[in-house]
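Engineer:
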Amino acid sequence: MNRCIVFVCLLALLLSGSLSRRVEAFGGCEENCQKCHSLDQTEVREILAKIKAPDVKVLDIKMSPVRGLWEVTVDDKGARGVMYVGFSKKYIMPGPIYEVETASNKTQETLSGLNEPADRYVDVRKIPVENSLLLGEKDARYKAIVFTDPDCPFCSKLHAELKKIVSDRKDIAFYLKLMPLKFHPDAYWKSQSILCAKSLERLEENFERKPIPRPDCETKVVDETLKLGRELGITGTPTMIMPDGLIVVGVRDAEKIRELVLNPRKKG
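As numbered in mature numbering (1 follows the signal peptide of the UniProt record, and there is no 0), residues -25 to -1, 1 to 243 make up the sequence shown, in order.
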């Protein structure tokens, strides 16, 4: 048996109810733990703040399959996950938790049972577009906004899909806002270079992995876009903002994007 699986199973056994008397760090108890232990959303938010995750939302709190641990479902800007909080409220762990007898991943079972995150909207009127690159016709009836990174491979894939749309539909266009991510070390200066030249062609050359020149001007546009992204809760690229304000994260094919642009969803 794989040593990692053995370790995980051993860990689950050590934390299981049969040894609950010894799990002192987690404040274990016998029989009905909820009679003597409680955890509410305010306490979880305080814990999240201490681990520098104050913006993470708490969706649900319940007893975990392991005695001595609470199971907490959270949402971090649309990404949902599970963490475990000890009864002492001094320790947390990410999982997964396996049930030894069935070898089932109890954490994944919880994740699989979650509903899809609700659609998120922003007010598009608050997003400045005057310093954006324009893909498509300037007088297009429908315009979406795309936060993109010149060194993001997924952004390059999305860009190819966007080009298919504008070549076929003159009534759809896209404002491109350059938001270089920190883990792409050259993306910042490349964004500056592209914006200094105000050149869609330069962005596309970079997507094609062709060399582009260093910036020949000073511009605050990149920093302003990074700040705007933080304010809107946009943490990754590509991220699209549809004309109705719907936030769409990641790559979609041309047909799906066209559908989202032309058929806005109702805000719940």
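For glycine and all other residues, C-beta sits at the position ideal for the given N, C-alpha and C.
#1: Give me the DSSP bridge partner(s) of Ala28.
#2: If you run the structure through DSSP and keep just helix, strand and coil, what is Phe129?
#3: Is Ile232 helix, strand or coil by DSSP?
#4: If distances are taken between C-alpha atoms only, which option among Leu156, Ala135, Thr77 and Leu23 comes closest to Asp198?
#5: Quick one: which unbroken beta strand (DSSP E) runs of 3-plus residues sit fully inside the stretch 52 to 94? Chain order, please.
#6: I need the straight-line Cα distance from Leu14 to Tyr59, nearest angstrom please.
#7: What does DSSP give as the partner residues of Leu151 in its beta bridges?
#8: Of the choices Thr212, Lys27 and Lys145, whose alpha-carbon is the least far from that of Leu110?
#9: Assign Thr48 to one of three DSSP states: helix, strand, or coil.
#10: Mapping DSSP to helix, strand and coil, what is Val19?
#11: With which residues is Asp98 paired in a DSSP beta bridge?
#12: Ile169 to Ile222, Cα distance in whole Å?
#13: Using only alpha-carbon positions, find the residue among Glu18, Lys185 and Asp124 that is nearest to Val33.
#14: Out of Gly220, Leu175 and Pro213, point me to the one whose CA is closest to Arg240's CA.
#15: Taking just the CA atoms, how far does Gly70 sit from Leu44?
#16: Between which two residues does the alpha helix (DSSP H) harbouring Thr200 extend?
#17: Beta-carbon within less than 8 Å of Ile22's beta-carbon, same chain only, minus the 5 sequence neighbours each way: which residues are those?
#18: By Cβ distance below 8 Å, which residues in the same chain neighbour Lys165 in space, the five residues on each side in sequence not counted?
#19: How should Thr214 be labelled, buried or exposed, when 16 other C-beta atoms within 10 angstroms of its C-beta is the threshold for buried?
#20: Determine the burial state of Arg177: buried for a count of at least 16 other Cβ atoms within 10 Å of its Cβ, exposed for fewer.
#21: Under a CB-based cut-off of 8 Å, is Thr214 close to chain B?
#22: Strictly by DSSP, which residues pair up with Thr214?
#23: Return helix, strand or coil for Val33, following the three-state DSSP convention.
#24: Just reading off the alpha helix (DSSP H) that Phe182 is part of, what are its end residues?
#25: Grab me the residues of Arg233's own chain with a C-beta within less than 6 Å of its C-beta, minus the 5 sequence neighbours each way, in chain order.
#26: Hey, could you find the ends of the alpha helix (DSSP H) Ile187 is sitting in?
#27: Of the residues Leu153, Ser142 and Tyr96, which one's Cα is nearest the Cα of Glu105?
Structural biologist: Answer, in terms of the structure:
#1: For this step, residue 28 is matched to residue 53 along the sequence shown. DSSP, once it has assigned bridges, lists no residue as partnering Ala28.
#2: In the sequence shown, counting from the first residue as 1, residue 129 sits at position 154. If DSSP states are grouped into helix, strand and coil, Phe129 belongs with the helices.
#3: Numbered from its first residue, the sequence shown carries residue 232 at position 257. Looking at Ile232 - three-state DSSP - the assignment turns out to be helix.
#4: Locating residue 198 in the sequence shown gives position 223, counting from the first residue. Asp198 has its Cα closest to that of Leu156, out of Leu156, Ala135, Thr77 and Leu23.
#5: 54 to 61
#6: Translated into positions along the sequence shown, residue 14 becomes position 39. Translated into positions along the sequence shown, residue 59 becomes position 84. Rounded to the nearest angstrom, the two C-alpha atoms are 11 Å apart.
#7: By one-based count along the sequence shown, residue 151 stands at place 176. The partner list for Leu151 (beta bridge, DSSP) reads Leu108 and Val121.
#8: If you number the sequence shown from 1, residue 110 lands on position 135. Comparing Cα-Cα distances from Leu110 to each of Thr212, Lys27 and Lys145, the minimum goes to Lys145.
#9: What you label residue 48 is simply residue 73 of the sequence shown in a count that begins at 1. Strand, per DSSP.
#10: Looking up residue 19 in the sequence shown gives position 44. The answer is helix: DSSP assigns Val19 an H, G or I state.
#11: Residue 98 sits at position 123 when you count from the first residue of the sequence shown. Answer is none; Asp98 lacks a bridge partner.
#12: By one-based count along the sequence shown, residue 169 stands at place 194. By one-based count along the sequence shown, residue 222 stands at place 247. Roughly 25 Å separates the two Cα atoms.
#13: In the sequence shown, the residue the question calls residue 33 occupies position 58. Looking at the Cα atoms, Glu18 is the closest of the given residues.
#14: In the sequence shown, the residue the question calls residue 240 occupies position 265. Ranking the options by Cα distance to Arg240, first place goes to Gly220.
#15: Residue 44 sits at position 69 when you count from the first residue of the sequence shown. Residue 70 sits at position 95 when you count from the first residue of the sequence shown. So the alpha carbons of these two residues sit roughly 11 Å apart.
#16: Here the question's residue 200 lines up with position 225 in the sequence shown. Counting along the chain, the alpha helix (DSSP H) containing Thr200 begins and ends at Val196 to Leu207.
#17: The count along the sequence shown starts at 1 and reaches residue 22 at position 47. Same-chain partners within the cutoff: Val60, Lys64 and Ile67.
#18: Within the sequence shown, residue 165 is the residue found at index 190, counting from 1. These residues qualify, in order along the chain: Pro125, Asp126, Pro155, Asn181 and Ile187.
#19: Taking the first residue of the sequence shown as position 1, residue 214 is located at position 239. Taking a 10 Å sphere around the C-beta of Thr214, we find 16 or more other C-beta atoms and assign the residue as buried.
#20: Within the sequence shown, the letter at position 202 stands for residue 177. By the neighbour-count rule (16 or more Cβ atoms within 10 Å), Arg177 is buried.
#21: Judged by its chain identifiers, the structure shown contains no chain B, having just a single protein chain.
#22: By one-based count along the sequence shown, residue 214 stands at place 239. In DSSP, Thr214 forms a bridge with Phe122 and Val224.
#23: As a first step, residue 33 must be located in the sequence shown, where it is residue number 58. Correct three-state label for Val33: strand.
#24: Working through the sequence shown from its first residue, we reach residue 182 at position 207. Unbroken alpha helix (DSSP H) run through Phe182: Leu175 to Phe182.
#25: For the purposes of this step, residue 233 is taken as the residue at position 258 of the sequence shown. Hits under 6 Å: Ile140.
#26: In the sequence shown, counting from the first residue as 1, residue 187 sits at position 212. That residue, Ile187, is in no alpha helix (DSSP H); it is neither H nor E in DSSP.
#27: Position 130 of the sequence shown, counted from the first residue, corresponds to residue 105. Nearest option by C-alpha distance: Leu153.
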